[in-house]
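Remarks on the structure that follows.
Number of protein chains: 2
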Amino acid sequence: MTGVSIAAAADELGLSADTLRYYEKDGLLLRAVPRTSSGHRTYAEADLRWITLVTRLRATGMPIRDVRRYADLVRAGEGNEEERLALLQAHREDVLRQLAEVTAHLGAIDHKIGIYEHTLEKLSASA
Amino acid sequence: MTGVSIAAAADELGLSADTLRYYEKDGLLLRAVPRTSSGHRTYAEADLRWITLVTRLRATGMPIRDVRRYADLVRAGEGNEEERLALLQAHREDVLRQLAEVTAHLGAIDHKIGIYEHTLEKLSASA
DNA sequence: TTCCTCCCTGGAGTGCACTCCAGGTCAAGT
DNA sequence: ACTTGACCTGGAGTGCACTCCAGGGAGGAA
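Heads up: the protein sequence lines correspond to chains A and B, in order. Quick note on the working numbering: the first sequence kicks off at 3 and runs consecutively. Quick note on the working numbering: the second sequence kicks off at 3 and runs consecutively.
Dropping the structure here:
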């Protein structure tokens, strides 16, 4: 229950301490992370869980602006679940679209790779 | 064989004219696009095909720097096919890693969506 | 006491990939 | 002849998401 330092949190989350401070300043967290008597941040379990979700949203391409909007909704408390759901569903659609697009392009690139492999195979066979 | 204007090329490729000029200036194309007597760019089929590949590489997250490196190799002519192949294969690995990561995070987000849907369903049932 | 380490804040700086702009040219339409 | 519209060049500006820095404080080791 004591909470961990920013370095430990950064390490566990795979983010930099700077990024953690930046997220907090930018309103992506649900609360200002509590400080020790000497003013150092001390991250509780709940903070780390929330930031994990933030990293998931970011890693799937959600812009900072939208993460903040979502954080604002959650911070506002119960009663706006429909809005939260809509935001997540919209993001889900974006991600699926993106996955499909990347997969399609990758197919074309794979094809090109196949051609090079074939060419090089022939070259080495005739050498 | 006549070639198309930058506006037509941009339209066909889904890029802006500015981006097309930027790619050319930045060395992402195989050659300076030929100009008409009045100095306007005129894109040949081969130019469009190459730029299509560039958009595929970009859309799958390859940085401009690497696209340029690849363009440099192709421009250098035959004999460096292994290097080209290595570059594309490395990119392919990056993309696959990225797809796996996004898919995994999406799963967690989907789970969260499921919880909201369940909550809202119950709410509306009890209303 | 002095040093070291970790952390703080506010703000400036960075890298990337465009995007926009000013000032100008050219060919075609009226 | 004049205007319009598409295009040219070089270079400045933009948005995003960090990342770095200066100057300073608190607590513990030697």
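Idealized CB from N, CA, C, for every residue including glycine. Please read all numbers here as calculations on a predicted model, not as lab measurements.
When you compare the segment 107-117 of chain A with the segment 90-101 of chain B, are there three or more beta-carbon pairs, one atom per stretch, that lie closer than 8 Å? yes
Could you check the C-alpha separation between B:V6 and B:M64 for me, to the nearest Å? For the purposes of this step, residue 6 of chain B is identified with residue 4 of the second sequence, where counting begins at 1. For the purposes of this step, residue 64 of chain B is identified with residue 62 of the second sequence, where counting begins at 1. Cα to Cα, B:V6 sits roughly 27 Å from B:M64.
Provide the residue span of the alpha helix (DSSP H) that contains A:V6, from first to last. One-based indexing of the first sequence puts residue 6 of chain A at position 4. Here A:V6 belongs to no alpha helix (DSSP H), and DSSP marks it neither H nor E.
In chain A, which residues lie less than 7 Å from B:R86 when you measure between Cβ atoms? On the second sequence, residue 86 of chain B is found 84 positions in, with the first residue counted as 1. The answer, in chain order, is Y118.
Compare the beta carbon distance of B:L75 and B:W52 with 9 Å and say whether it is the shorter of the two. Taking the second sequence and counting its residues from 1, the one referred to as residue 75 of chain B is at position 73. Taking the second sequence and counting its residues from 1, the one referred to as residue 52 of chain B is at position 50. Not closer than 9 Å, so no.
Members of the segment 99-114 of chain A that neighbour chain B once the beta carbon cut-off is set at 8 Å: Q100, L101, E103, V104, T105, H107, L108, A110, I111, D112 and K114
CB of A:Y24 within 9 Å of CB of A:V56, strictly: Residue numbering aside, residue 24 of chain A sits at position 22 when the first sequence is read from its first letter. Residue numbering aside, residue 56 of chain A sits at position 54 when the first sequence is read from its first letter. No; because the gap between Cβ atoms is not below 9 Å, this pair is not in contact.
Among the candidates A:A34, A:E83, A:L101 and A:A61, whose CA atom is the shortest distance from the CA of B:E119? What you label residue 119 of chain B is simply residue 117 of the second sequence in a count that begins at 1. Checked all of A:A34, A:E83, A:L101 and A:A61; the closest Cα to B:E119 is A:E83.
Does B:R43 come out as helix, strand or coil in the three-state DSSP assignment? The residue you call residue 43 of chain B lines up with position 41 of the second sequence. Reduced to three states, the DSSP call for B:R43 is strand.
Just the Cα atoms here: how many angstroms apart are B:Q100 and B:L89? The count along the second sequence starts at 1 and reaches residue 100 of chain B at position 98. The count along the second sequence starts at 1 and reaches residue 89 of chain B at position 87. Rounded to the nearest angstrom, the two C-alpha atoms are 17 Å apart.
Measuring only between beta-carbons, confirm whether B:R43 sits less than 9 Å from chain A. Counted from its first residue, the second sequence places residue 43 of chain B at position 41. Output row for B:R43: interface = no.
Beta-carbon neighbours of A:L75, restricted to chain B and to distances below 7 Å: Counted from its first residue, the first sequence places residue 75 of chain A at position 73. Near A:L75 there are no residues of chain B at all, since even the closest Cβ is about 11 Å away, more than 7 Å.
Ignore the nearest five residues each way along the sequence and tell me which others in B:E123's own chain have a CB closer than 8 Å to its CB. As a working note, residue 123 of chain B is residue 121 in the second sequence. For B:E123, where only same-chain residues beyond five positions count, there are no Cβ hits under 8 Å.
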